[in-house]
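Notes follow once the structure below has been shown.
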Amino acid sequence: MNDAAYDISHLLELEATAPAMPGFRSAKPVIVKTGPSGMAAAQEALARELLQMADRHEDLIQQYLRMKDDSVPDTNW
Numbered sequence: 117m118n119d120a121a122y123d124i125s126h127l128l129e130l131e132a133t134a135p136a137m138p139g140f141r142s143a144k145p146v147i148v149k150t151g152p153s154g155m156a157a158a159q160e161a162l163a164r165e166l167l168q169m170a171d172r173h174e175d176l177i178q179q180y181l182r183m184k185d186d187s188v189p190d191t192n193w
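Quick note: the sequence shown, position 41, residue 157 per the numbering used here, numbers continuous.
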């Protein structure tokens, strides 16, 4: 049996010479207060984006359905 394969002394030596890591610090959460106008503006922007993507989404659905129909073998003899 090869005992050298299980020799981890080099890892212990590296750990002893490694620089000390700074302690763990957690960040404080930043709370952004938005008034009703900020929320309304965000909702309007999201609604605009959704409406812009609606046509593209429909195109993707139609493409998926065409691909699905093409991949199903015709069982009518």
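All C-beta atoms, glycine included, are put in the ideal place defined by N, C-alpha and C.
Give the DSSP-derived three-state secondary structure of residue i in the structure shown.
| i | result |
| --- | --- |
| residue 184 | helix |
| residue 123 | coil |
Contact criterion: CB-CB distance below 7 Å. Does residue i meet it with respect to chain B?
| i | result |
| --- | --- |
| residue 168 | The chain inventory of the structure shown lacks chain B, comprising one protein chain alone. |
Could you name the residues of the same chain whose beta carbon sits closer than 7 Å to that of residue i, not counting the 5 residues immediately before and after it, in chain order?
| i | result |
| --- | --- |
| residue 161 | none |
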